[in-house]
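Inspection log for the structure reproduced underneath, given as structure tokens.
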Amino acid sequence: MKRTWILIADSSGARILEALGNSRGFFEHAVGDGRYPYRSDSAPQEERPRVTKALDGLFASQLSTMLANRLKSRSFDRLVLVAPTVMLGKLRKMISPAVRETVIAEIEMDLTDVPTSEIAQHLADVTLF
Numbered sequence: 100m101k102r103t104w105i106l107i108a109d110s111s112g113a114r115i116l117e118a119l120g121n122s123r124g125f126f127e128h129a130v131g132d133g134r135y136p137y138r139s140d141s142a143p144q145e146e147r148p149r150v151t152k153a154l155d156g157l158f159a160s161q162l163s164t165m166l167a168n169r170l171k172s173r174s175f176d177r178l179v180l181v182a183p184t185v186m187l188g189k190l191r192k193m194i195s196p197a198v199r200e201t202v203i204a205e206i207e208m209d210l211t212d213v214p215t216s217e218i219a220q221h222l223a224d225v226t227l228f
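Just so we're on the same page, this note's numbering is the position in the sequence shown counted from 1, plus 99.
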């Protein structure tokens, strides 16, 4: 079975879920407190808009680098990107061609605060397995 990762990101953080197959749900790859395994170094509400935009770009770049490294180590075979419009656009621009080839779906939605148990209903139109 191919390993499918779901990257759920916004400007403040990201988390990665792995589809377990056969409607068994998802495994959340966690670091630290498990809420946002990957955190942006910025606090957008406290920054000036131009600085926030630059920090969001930096965070998208860090996520893109992490994905490229994890693809090289064969951590996943397929990828679903889930992010609000601006972050999704930044990720599209920054992911490597090799990572881009693994993308099976892009969903313009902010699901960062949605519990893992409810993610499947938002991905109903995506074939994960």
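By construction, the Cβ of each residue, glycine as well, lies at the ideal position given by its N, Cα and C atoms. A quick note: this is a predicted structure, and the numbers were derived from the prediction, not measured.
Between residue i and the ligand SAM, is the CB less than 7 angstroms from at least one heavy atom?
| i | result |
| --- | --- |
| LYS101 | In the structure shown, the ligand SAM is absent, as is every other ligand, since no ligand is present at all. |
Measuring only the C-alpha atoms, how far is residue i from residue j?
| i | j | result |
| --- | --- | --- |
| ALA219 | GLY124 | 7 angstroms |
| ALA45 | LEU170 | The structure shown has nothing for residue 45, since the chain only spans 100 to 228. |
| LEU178 | ASN168 | 14 angstroms |
| PRO214 | LEU162 | 21 angstroms |
| ALA159 | ASP209 | 15 angstroms |
| PRO136 | LYS101 | In this prediction, PRO136 scores a pLDDT of 49, lower than 50, which makes its location untrustworthy; the coordinate-derived value is nonetheless stated afterwards. Going from the Cα of PRO136 to the Cα of LYS101 covers about 23 angstroms. |
| MET234 | SER110 | With the chain running from 100 to 228 in the structure shown, residue 234 is simply not present. |
| HIS221 | SER172 | 28 angstroms |
Does the Cβ of residue i have 16 or more other Cβ atoms within 10 Å, making it buried, or fewer, making it exposed?
| i | result |
| --- | --- |
| THR201 | buried |
| ALA223 | exposed |
| ALA197 | exposed |
| LYS234 | Nothing in the structure corresponds to residue 234, since the chain is present only between 100 and 228. |
| THR103 | buried |
| PHE175 | buried |
| ARG199 | exposed |
Nearest CA to the CA of residue i: which residue from the options?
| i | options | result |
| --- | --- | --- |
| ASP212 | ARG102, ALA108 and THR103 | ALA108 |
| GLY112 | LEU157, GLU217, VAL225 and LEU119 | LEU157 |
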